[in-house]
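Remarks on the structure that follows.
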Amino acid sequence: MKLNWAERLVVNNPLRVMEQGFEIRWMKRVQELTPDSLVLEVGCGRGAGAGLILGEFHPKAIHAMDLDLKMIRMGNRFLSPEEKSKISMYVGDVLNLPYADNVLDAVFDFGVLHHVPDWQGALREITRVLKPGGIFYVEELYPTLYQNFITKHILLHPTENRFGSRDFKEALTAAKLSLKDSLEVWGVGILAVLAKEN
1 MKLNWAERLV
11 VNNPLRVMEQ
21 GFEIRWMKRV
31 QELTPDSLVL
41 EVGCGRGAGA
51 GLILGEFHPK
61 AIHAMDLDLK
71 MIRMGNRFLS
81 PEEKSKISMY
91 VGDVLNLPYA
101 DNVLDAVFDF
111 GVLHHVPDWQ
121 GALREITRVL
131 KPGGIFYVEE
141 LYPTLYQNFI
151 TKHILLHPTE
161 NRFGSRDFKE
171 ALTAAKLSLK
181 DSLEVWGVGI
191 LAVLAKEN
């Protein structure tokens, strides 16, 4: 599901980038990546997260994918030439990732799955492309935050098949993703680092 105007304002503001910076530094403390890593960011928006991932983790290459061509075009203007040498941005769908099985060292998700009606399918697809032992870095929000009385009239989200803490954790376990560490705020969301089981 593409973002509406209000969500574009949220994800493209400097405070969001600052928040992502804190999250990425926490993720790195939990699990670093090797310099030869191939990384995917799903729902990359204008590429701010991919730039932060590059600056903190220094992987060999980052593929940054978003459903919205407008965001990819914005990202191609936003990223520096040096960043563009390591970050490839493309339009794509998290339900149909253009990779063979077991090829990526890491996948990053900054609040994307709660926008996907079939989030379980997206989670299966992410797991499919991760190598055994590959890392899933995730930040996700729960419906109590984005479907409350105020936000449900401003932000655009699917209303069916939503997940809370228990449902999300059960789906992660079913996808054979083992939790390395997490930070969770009840009714808000979760920040987690998981590894694909061998």
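Residue numbers (the UniProt record's numbering): 1 to 198.
We treat Cβ as the ideally placed atom computed from N, Cα and C, and that holds for glycine.
Exercise for the section: Give me whichever residues DSSP pairs with Val138 in a beta bridge. Expected result: Counted from its first residue, the sequence shown places residue 138 at position 138. Asp109, Ala192, per the DSSP bridge assignment.
Handout entry: Close-in-space but distant-in-sequence residues of the same chain around Leu69 (CB under 6 Å, 5 per side omitted)
Key = For the purposes of this step, residue 69 is identified with residue 69 of the sequence shown, where counting begins at 1. Closer than 6 Å at the Cβ level, and outside the excluded window around Leu69, lie Val91.
Handout entry: Neighbourhood of Asn93 by C-beta, 7 Å cutoff - its chain only, sequence neighbours within 5 removed
Key = For the purposes of this step, residue 93 is taken as the residue at position 93 of the sequence shown. In the sequence on display, residue 93 carries Asp and not Asn. Closer than 7 Å at the Cβ level, and outside the excluded window around Asp93, lie Leu67.
Practice task
Starting from residue 213, follow the alpha helix (DSSP H) in both directions and report where the run begins and ends.
Solution key: Residue 213 falls outside the range modelled here, since the chain spans only 1 to 198, and no answer is possible.
Exercise for the section: Report the rounded CA-to-CA distance for Glu184 versus Glu140, giving the unit in angstroms. Expected result: Here residue 184 corresponds to residue number 184 of the sequence shown, with the count starting at 1. Here residue 140 corresponds to residue number 140 of the sequence shown, with the count starting at 1. Cα to Cα, Glu184 sits roughly 10 Å from Glu140.
Handout entry: 9 Å Cβ cutoff met for Tyr137 and Gly187
Key = In the sequence shown, counting from the first residue as 1, residue 137 sits at position 137. In the sequence shown, counting from the first residue as 1, residue 187 sits at position 187. Between Tyr137 and Gly187, the gap from beta carbon to beta carbon reaches 9 Å or more.
Practice task
Report all residues from its chain with a CB closer than 7 Å to the CB of Ala175; omit the five preceding and five following residues, and keep chain order.
Solution key: Here residue 175 corresponds to residue number 175 of the sequence shown, with the count starting at 1. Cβ neighbours of Ala175 within its own chain (closer than 7 Å, five residues either side excluded): Leu123, Arg124, Thr127.
Exercise for the section: Taking only the alpha-carbon atoms, compute the straight-line gap between Val17 and Met65 and give it to the nearest angstrom. Expected result: Reading the sequence shown from its first residue, position 17 is the one you call residue 17. Reading the sequence shown from its first residue, position 65 is the one you call residue 65. Taking the straight line from one Cα to the other gives about 17 Å.
Handout entry: DSSP-derived helix/strand/coil call for Leu95
Key = For the purposes of this step, residue 95 is taken as residue 95 along the sequence shown, with counting starting at 1. Coil at Leu95, not helix or strand.
Practice task
Could you check the C-alpha separation between Pro35 and Asp181 for me, to the nearest Å?
Solution key: Taking the first residue of the sequence shown as position 1, residue 35 is located at position 35. Taking the first residue of the sequence shown as position 1, residue 181 is located at position 181. Approximately 22 Å, taken between the alpha carbons.
Problem - Three-state class that DSSP yields for Gly133 in the structure shown - result: Indexing the sequence shown from 1 puts residue 133 at position 133. Strand.
Exercise for the section: Using three-state DSSP, classify Val17 as helix, strand or coil. Expected result: Against the sequence shown, residue 17 aligns to sequence position 17. Looking at Val17 - three-state DSSP - the assignment turns out to be helix.
Handout entry: Three-state secondary structure (DSSP) of Glu184
Key = Within the sequence shown, residue 184 is the residue found at index 184, counting from 1. Glu184: strand per DSSP, three-state reduction.
Handout entry: CA-to-CA distance, Gly164 to Met89, given in whole angstroms
Key = Taking the first residue of the sequence shown as position 1, residue 89 is located at position 89. Taking the first residue of the sequence shown as position 1, residue 164 is located at position 164. When rounded, the distance between both Cα atoms is 30 Å.
Problem - Contact set for Ile24: own chain, Cβ-Cβ below 7 Å, skip 5 residues either direction - result: For this step, residue 24 is matched to residue 24 along the sequence shown. Excluding residues within five positions, the ones whose Cβ falls inside 7 Å are Leu52, Ile53, Glu56.
Practice task
Pair every Cβ in the segment 96-110 with every Cβ in the segment 67-87, then say whether three or more of these pairs are closer than 8 Å.
Solution key: No: the two stretches stay apart, fewer than three of their Cβ pairs being nearer than 8 Å.
Handout entry: Of the residues Gly189, Leu191, Leu177, Ile190, the one placed nearest Glu197, counting alpha carbons only
Key = Within the sequence shown, numbered from 1, the residue matching residue 197 stands at position 197. Residue Leu177 is the option with its Cα nearest to Glu197.
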